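All letters in the sequence shown, in the order written, are residues 0 to 97 by numbering that gives the first Met the number 0.
Ideal placement from N, C-alpha and C gives every residue a C-beta, glycine not left out.
Since the model is a prediction, treat every value here as computed from it, not as a measurement.
See below for the structure under consideration.
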Amino acid sequence: MGQYLDDLWNDLEQTWDLAMKVNDLAEEERNDPAKAWDNHFKGASLVDVARTESEISGDGQIAKVYCTNIYGLQYNPETKYWVPFRHGEVDLVKFTED
């Protein structure tokens, strides 16, 4: 379980770090998901740009930013912060292999 769990944890930490770069901005700048996408997320190496852009709704609203790992970010309108979510599967078999 050791290395696989460490890798999952590192991926989550990287995703949180990306979220915090935007969450540390002024509220007006982080509250517009389209601006956050264009100005901050789109150029990040951790972001899966093609997947994220394929998920943008017909009205151009971005709901989630997908990362190249099993995590992504979504904007929470109640808290007005970007928070991680998991979009990929956790391989439970790997927990017993290490």
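So, with DSSP's three-state summary, where would you put residue i?
| i | result |
| --- | --- |
| Leu72 | strand |
| Val82 | strand |
| Lys34 | helix |
| Gly59 | coil |
| Ala25 | coil |
| Asp90 | coil |
| Glu77 | coil |
| Glu12 | helix |
| Lys41 | coil |
Using CA coordinates, which residue listed in the options is at the minimum distance from residue i?
| i | options | result |
| --- | --- | --- |
| His84 | Tyr65, Asp6, Arg50 | Correcting the residue identity first, residue 84 is Phe in this sequence and not His. The shortest C-alpha separation from Phe84 is found at Tyr65. |
| Asn75 | Gly1, Gly59, Glu26 | Glu26 |
Assuming the contact rule is C-beta atoms closer than 8 Å, residue i and residue j should be a hit. Round their C-beta distance to whole Å, please.
| i | j | result |
| --- | --- | --- |
| Ile55 | Ile61 | 5 Å |
Looking only at DSSP bridge pairs, what is residue i linked to?
| i | result |
| --- | --- |
| Val46 | Cys66 |
Closer than 7 Å: is that where the CB of residue i sits relative to any heavy atom of the ligand GTP?
| i | result |
| --- | --- |
| Ile69 | Ligands are entirely absent from the displayed structure, and the ligand GTP is therefore not among its contents. |
Checklist entry - Does the segment 85–93 come within contact of the segment 34–45, defined as at least 3 CB pairs closer than 8 Å? => result As far as the Cβ criterion goes, the segment 85–93 does not touch the segment 34–45, which means the pair count is below three.
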